[in-house]
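Residue numbers (mature numbering (1 follows the signal peptide of the UniProt record, and there is no 0)): -18 to -1, 1 to 92.
Structure, rendered in structure tokens:
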């Protein structure tokens, strides 16, 4: 009986040691780049976001945060969104929407 308790204790100790080793090993290698924030995107006037999302979707870029896709078709998105942005934001803010879009493409897309 005592040898059985000692054996069980040894097994528990071995399992505990193995689990400690498993948790202290190096994390797995990252195989995909993490998402990186795009600071200019936070400057986008809210009045233009719906227009840009709709235009981007129509241009084949349904993911609003896929700046690479959007920058490839930026002239098409601009053409599709321009009247909506002007109506929603007014002329002064529409120029800000355009400038922020340019900044996103120049600073956040490699």
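Backbone N, C-alpha and C fix where the C-beta goes; we use that ideal spot for every residue, glycine too. Values in this document were obtained by computation on a predicted structure and should not be read as measured data.
Rounded to whole angstroms, the gap between the alpha carbons of residue 38 and residue 28 is 16 Å. When 82, 21, 26 and 34 are compared, the shortest CA-CA separation from residue 62 is found for 34. Membership of residue 56 in the alpha helix (DSSP H) is indicated by the continuous run 56 to 71.
CA-CA distance, residue 58 to residue 19, rounds to 24 Å.
In the DSSP assignment, residue 20 falls outside any alpha helix (DSSP H), carrying neither H nor E.
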